[in-house]
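Here the structure comes first, spelled out in structure tokens, and everything after it is commentary.
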Amino acid sequence: MSATKIFNVIVMALYIQFSNLAFANGNGIVVFQSDFGLSDQAVSAMHGVALGVDKNLKVEDLTHDIPAYNIWEGAYRLDAVANFWPADTVFVSVVDPGVGSERKSVVLKTKSNHYFVTPDNGTLTLVAKRLGIAEVREIDEKVNRLKGSEASHTFHGRDVYAYTGARLAASAITFEQVGPILAPEVLSIPYEAARIDANKLIGGIPILDPAYGNVWTNIPMSLLLSLTKAKNYTTLYTQKFLVTVSQAGKFVLAETISFERSFAGVNEGQPLLYVNSLENLALALNQANFASKFNIQAGGEWRIEIVPK
Amino acid sequence: MSATKIFNVIVMALYIQFSNLAFANGNGIVVFQSDFGLSDQAVSAMHGVALGVDKNLKVEDLTHDIPAYNIWEGAYRLDAVANFWPADTVFVSVVDPGVGSERKSVVLKTKSNHYFVTPDNGTLTLVAKRLGIAEVREIDEKVNRLKGSEASHTFHGRDVYAYTGARLAASAITFEQVGPILAPEVLSIPYEAARIDANKLIGGIPILDPAYGNVWTNIPMSLLLSLTKAKNYTTLYTQKFLVTVSQAGKFVLAETISFERSFAGVNEGQPLLYVNSLENLALALNQANFASKFNIQAGGEWRIEIVPK
Amino acid sequence: MSATKIFNVIVMALYIQFSNLAFANGNGIVVFQSDFGLSDQAVSAMHGVALGVDKNLKVEDLTHDIPAYNIWEGAYRLDAVANFWPADTVFVSVVDPGVGSERKSVVLKTKSNHYFVTPDNGTLTLVAKRLGIAEVREIDEKVNRLKGSEASHTFHGRDVYAYTGARLAASAITFEQVGPILAPEVLSIPYEAARIDANKLIGGIPILDPAYGNVWTNIPMSLLLSLTKAKNYTTLYTQKFLVTVSQAGKFVLAETISFERSFAGVNEGQPLLYVNSLENLALALNQANFASKFNIQAGGEWRIEIVPK
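Chains as they are written, first to last, in my numbering: chain A, 1 to 309; chain B, 1001 to 1309; chain C, 2001 to 2309.
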């Protein structure tokens, strides 16, 4: 064997050797979400458990400011962000009012190859629908549980979910080793769908943009395009719409609002209809708070209707 | 030397070479805690200094929401989380009302091989007791201080603690190079210990769970087992206890509360006694706020008594 | 070729090979700042986009608690922290009330070799002055924009700034590939400069320390040294000064305050003048809130005068 050949063999062998430092099934990224806040040690304990599994993991956060026990908002945040993280990212979501009860602990693998480690309590409603269910497995807590944590029954986020998510992301276990396969379905929370009804768009208000008080609807821009197609507008921008909002059937707001490319399209303090970062219709005041001015909140009982003028 | 032998020698040599990328004494993880909040640049400056020491470090946080100057809560958070981080993790804790005064800047190495970089002002009270003191060293600020920061006397967290903690975690210095060895003791804050007194458990309320308003005691589950051993219960779960709480001798609460495996054991809004994630007894309302309902806070003057019914 | 020579060649070749894992122009660190808060998915989406560019990046934060639309405070925070991050760090700052309007999206390279990715709306006022402008380039959004995000006009922070900043830090693009070079200037917000006027120091209050209520001036310690040089004090510490504060010409405070090495120099609740972590003069109460006690805020219309007694 010549020196050159030896060299090539060695380089190849070492390449393989050091490539193994990279991760097999996961991509090495774990993203945490919870309703714990950042003021105590709970989030740091989850991060510590994850880096204890493998200190080469990237440990990141979605948010820990989900309102306590608000499974719907947890579902919403996961749905809003998942597509902006690379494939094979492992999300660990712990909004778990039923900790210790009989709700299942699961890992959802979506068709987009994202993983979601969470109690199956509705948290997966929206990602399952948007990204598609590839497979659901129940976490086998006999195997996938932080060693020494057996006496604690109230912090599954740390002892089971963080530990299992980190092991999956670090390829310490395969997806199959999470536990037994379940039927390809998740517990879903009902919510009002966006739709065209005659000459109107109808939808819900799943969330507010908390930093600015913008009102986010679940009506995709594509529905507005369908509705207005026959009108042959040169451009939708600056067109006016009658927007009505109601809560549980009770009238809250009716206002004529123009559709704008961005906030700068209207004067300071004026309302606009725009396309948010999720490609859905939203309402805002330029440099002011739409939701607080008009007393609008988010949730299943809220309904919005949009009619071209 | 055969090609195979050459190969083996080289693989070994390179393994050693690249293993050096890993860190010698520290494990490459620095965890920050402070009372700075996250709204200004202080925490980011500490992270920047750490990554300026070695950009391969993992820079993590415990919390930065310790109430201003609340050394006790800083001590509590460190104690609650340290064991969930791998050995050789370096904690940097900056709750430092006496910055610039004569309090010592130290690094505690515990018997569990965790490091704590902090002013010795009581912050180490609980980790020193739980994890055991292996060695205490005083930071030699002539050597272990960010270059160019000599004129600033008010941000030791960045200039001394972050810098020293990062250098220790990155193995830029050994523990010995921190500075001179001190007596193996730390400044300790007095607090009421948990104990059995005749037929009662007595203890304190070191902390509230801020996200949910649960009241955490310092009474370990093991004391409850000792107390109730003679009763030969089939199971402790659902057993009832008379719980009384007082502040500085003044009566605050007396309530009969059942011991439950988890929150789901009682109806919404009802109280329960349970084992928290630190294996201590705690009080909660299922999906509501125990502390605010009964006006209970945490601190040295609070006392809790638990009597089997 | 001897085995030793083969060994040396291979080690050198592999060293080069694995060194390439490091980054060319950027240093692999991206630091995010915004007015988004941490309660929704916006910050996590930016982090996800960055790690989608290259999962070996270090993704860090300055703060996301800039008050909504407060460009001045964004400028201030960048200026206060940049020097504590290593050269080649890429800062991505998104305080962008004019998103969608005609403000330019730029990358500033400073003479200190830091990069700032941001709308050119005043955010760069202070870092451009302190660190010096090496080169300014406009972001070519046709090339430097997250694939698939073209329909969204309201989240440039994620789609353009995070993506471009991450590509720069990961050396996926060179600085030249950001886009066309601009004149070496940035949009600057006017503010009152610190100066000596006869026997007085005059300056502004650019910011409060939000955690403690300390009042930070823009008067550097060096100006105090110049002013007091002729007095031949043995030490400045404990010297007394008449401090007056006014807002838009209206008197707010006049108080005799001593200059102290640190907070511990005065009794609890007493005021002091000290050098803050930016080497500027600042006002505080030892363990209490100066700004709220005396109703002082930050901003261009605030003026402070300091006269030796």
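For each residue, glycine too, the CB sits at the ideal point set by N, CA and C.
A quick note: this is a predicted structure, and the numbers were derived from the prediction, not measured.
ask   = Interface residues of chain A around C:S2105 at Cβ under 8 Å?
value = Within the third sequence, the letter at position 105 stands for residue 2105 of chain C. Per Cβ cutoff of 8 Å: no residues; C:S2105 is ~13 Å from chain A at best.
query = Is the segment 282-289 of chain A touching the segment 263-274 of chain A in the sense that three or more CB pairs, one from each, lie closer than 8 Å?
reply = yes
query = Per DSSP, which one or two residues make a beta bridge with A:R195?
reply = In the first sequence, residue 195 of chain A corresponds to position 195, counting from 1. In DSSP, A:R195 forms a bridge with A:I202.
Min CB distance B:Y1274 to chain A below 8 Å = Position 274 of the second sequence holds residue 1274 of chain B. Interface residue, yes.
inquiry  = Within 8 Å of any Cβ in chain C, is that where the Cβ of A:I257 sits?
reply    = Position 257 of the first sequence holds residue 257 of chain A. With 8 Å as the cut-off, A:I257 does not count as an interface residue toward chain C.
task = Identify every run of the beta strand (DSSP E) within the segment 1246-1286 of chain B, keeping only runs that are complete inside it and at least 3 residues long; order them along the chain.
result = Secondary structure remark: continuous beta strand (DSSP E) runs of at least 3 residues inside the segment 1246-1286 of chain B, in chain order: 1250-1258, 1271-1275 and 1280-1285.
inquiry  = Just to make sure I have the definition right: I need the residues of chain A whose C-beta is within less than 8 Å of the C-beta of C:Q2041. Which are they?
reply    = Within the third sequence, numbered from 1, the residue matching residue 2041 of chain C stands at position 41. L62, T63, R77, A80 and V81, listed in chain order.
key: Distance CB(A:S34)-CB(A:I71) smaller than 8 Å   = Translated into the one-based positions of the first sequence, residue 34 of chain A becomes position 34. Translated into the one-based positions of the first sequence, residue 71 of chain A becomes position 71. The answer is no: Cβ separation not under 8 Å.
key: Sub-8 Å separation of A:G203 and A:G300 beta-carbons   = Mapped onto the first sequence, residue 203 of chain A falls at position 203. Mapped onto the first sequence, residue 300 of chain A falls at position 300. Cβ atoms of A:G203 and A:G300: not closer than 8 Å.
ask   = Does the beta carbon of B:G1249 come closer than 8 Å to any beta carbon on chain A?
value = Residue mapping note: residue 1249 of chain B aligns to position 249 of the second sequence, counting from 1. Not an interface residue.
request  = Could you check how far apart the C-beta atoms of A:R77 and A:T63 are, in whole angstroms? I think they sit under 8 Å.
outcome  = By 1-based counting over the first sequence, the position of residue 77 of chain A is 77. By 1-based counting over the first sequence, the position of residue 63 of chain A is 63. About 6 Å; that satisfies the 8 Å criterion.
key: Closest by C-alpha distance to B:V1095, when choosing among B:H1156, B:G1132 and B:T1110   = Locating residue 1095 of chain B in the second sequence gives position 95, counting from the first residue. Closest in alpha carbon position to B:V1095, among B:H1156, B:G1132 and B:T1110, is B:H1156.
ask   = What are the complete beta strand (DSSP E) segments, minimum 3 residues, inside the segment 107-156 of chain A?
value = 115-119 and 133-138
query = In whole angstroms, what is the alpha-carbon distance linking C:D2120 and A:V31?
reply = Working through the third sequence from its first residue, we reach residue 2120 of chain C at position 120. Working through the first sequence from its first residue, we reach residue 31 of chain A at position 31. Roughly 32 Å separates the two Cα atoms.
query = Terminal residues of the continuous alpha helix (DSSP H) containing A:G52?
reply = Within the first sequence, residue 52 of chain A is the residue found at index 52, counting from 1. Taken as a continuous stretch (DSSP letters only), the alpha helix (DSSP H) holding A:G52 covers A42 to V53.
request  = Please state if the CB of B:T1234 and the CB of B:K1309 are separated by a distance shorter than 8 Å.
outcome  = Working through the second sequence from its first residue, we reach residue 1309 of chain B at position 309. Working through the second sequence from its first residue, we reach residue 1234 of chain B at position 234. Cβ atoms of B:K1309 and B:T1234: not closer than 8 Å.
message = Counting only C-beta atoms, is B:K1058 closer than 8 Å to chain A at any point?
response = On the second sequence, residue 1058 of chain B is found 58 positions in, with the first residue counted as 1. Chain A contact via Cβ: present.
request  = Report yes or no: do three or more beta-carbon pairs, one from the segment 2208-2223 of chain C and one from the segment 2124-2140 of chain C, lie closer than 8 Å?
outcome  = no
query = Using the beta-carbon count (16 or more within 10 Å), is C:G2028 buried or exposed?
reply = The count along the third sequence starts at 1 and reaches residue 2028 of chain C at position 28. Classification for C:G2028: buried.
request  = Compare the beta carbon distance of B:I1316 and B:T1164 with 8 Å and say whether it is the shorter of the two.
outcome  = Past the edges of chain B, shown from 1001 to 1309, lies residue 1316 of chain B, and the structure says nothing about it.
ask   = Do you know how far the Cα of C:F2116 is from the Cα of C:L2182?
value = Counting from one through the third sequence, the residue named residue 2182 of chain C turns up at place 182. Counting from one through the third sequence, the residue named residue 2116 of chain C turns up at place 116. Between C:L2182 and C:F2116, the C-alpha separation is close to 14 Å.
task = Go to C:E2073, then tell me how far its alpha helix (DSSP H) extends in each direction, as first and last residue.
result = Taking the first residue of the third sequence as 1, we reach residue 2073 of chain C at position 73. Taken as a continuous stretch (DSSP letters only), the alpha helix (DSSP H) holding C:E2073 covers I2071 to V2081.
inquiry  = Distance check for B:L1038 and B:L1278, CA to CA, integer angstroms please.
reply    = Taking the first residue of the second sequence as position 1, residue 1278 of chain B is located at position 278. Taking the first residue of the second sequence as position 1, residue 1038 of chain B is located at position 38. If I take the Cα positions, the gap works out to 26 Å.
request  = Quick one: using the 10 Å Cβ neighbour count with 16 as the cut-off for buried, is C:Y2161 buried or exposed?
outcome  = The residue labelled residue 2161 of chain C in the question sits at position 161 within the third sequence. Around the beta carbon of C:Y2161, 16 or more other beta carbons lie within 10 angstroms, which makes this residue buried.
query = Taking Cβ positions only, does B:P1184 come closer than 8 Å to chain C?
reply = Translated into positions along the second sequence, residue 1184 of chain B becomes position 184. Chain C, which has no Cβ nearer than 8 Å to the Cβ of B:P1184, makes this no.
ask   = Quick one: what does DSSP say C:A2169 is sitting in, helix, strand or coil?
value = Here the question's residue 2169 of chain C lines up with position 169 in the third sequence. Assigned with DSSP and collapsed to three states, C:A2169 falls in helix.
query = C:K2293 by DSSP, collapsed to three states: which one?
reply = Residue mapping note: residue 2293 of chain C aligns to position 293 of the third sequence, counting from 1. If DSSP states are grouped into helix, strand and coil, C:K2293 belongs with the helices.
ask   = If you count every other CB in all the chains shown that lies within 10 Å of the CB of B:Y1274, and 16 or more means buried, which is it?
value = Translated into positions along the second sequence, residue 1274 of chain B becomes position 274. The residue is buried, with at least 16 neighbouring Cβ atoms inside 10 Å.
query = Looking at the C-beta of A:G132, does it have a partner C-beta in chain C at a distance below 8 Å?
reply = In the first sequence, counting from the first residue as 1, residue 132 of chain A sits at position 132. Interface criterion not met: the Cβ of A:G132 is under 8 Å from no Cβ in chain C.
query = Near C:K2111, what residues of its chain come up, given a Cβ to Cβ distance below 8 Å and the 5 sequence neighbours on each side ignored?
reply = Indexing the third sequence from 1 puts residue 2111 of chain C at position 111. Around C:K2111: L2131, G2132, I2133 and A2134.
ask   = Applying the criterion that 16 or more other CB atoms from any shown protein chain within 10 Å of the CB defines a buried residue, is A:E176 buried or exposed?
value = Taking the first residue of the first sequence as position 1, residue 176 of chain A is located at position 176. For A:E176, the number of other beta carbons within 10 angstroms of its own is below 16, and it is reported as exposed.
message = Between which residues of its own chain and C:V2307 is the CB-CB distance below 7 Å, once the five residues before and five after are set aside?
response = Start at 1 with the first residue of the third sequence, and residue 2307 of chain C comes out as number 307. N2199, K2200, F2241 and L2242, listed in sequence order.
query = Can you tell me whether DSSP reads B:F1175 as helix, strand or coil?
reply = Your numbering for residue 1175 of chain B matches position 175 in the second sequence. Coil at B:F1175, not helix or strand.
task = Return the bridge partner residues of A:N27 from the DSSP annotation.
result = The sequence position of residue 27 of chain A within the first sequence is 27, counting from 1. DSSP output for A:N27 lists no bridge partner at all.
query = Tell me which same chain residues have a C-beta within less than 7 Å of the C-beta of B:V1049, skipping the five on either side of it?
reply = Residue mapping note: residue 1049 of chain B aligns to position 49 of the second sequence, counting from 1. Listed in chain order, the non-local C-beta contacts of B:V1049 below 7 Å within the same chain comprise L1146, R1158, A1162, Y1163 and A1166, local neighbours out to five positions each way being set aside.
ask   = Thinking just about the alpha-carbon of each residue, which of B:A1080, B:G1026 and B:Y1191 is nearest to the one in B:A1248?
value = Taking the second sequence and counting its residues from 1, one reaches residue 1248 of chain B at position 248. Residue B:Y1191 is the option with its Cα nearest to B:A1248.
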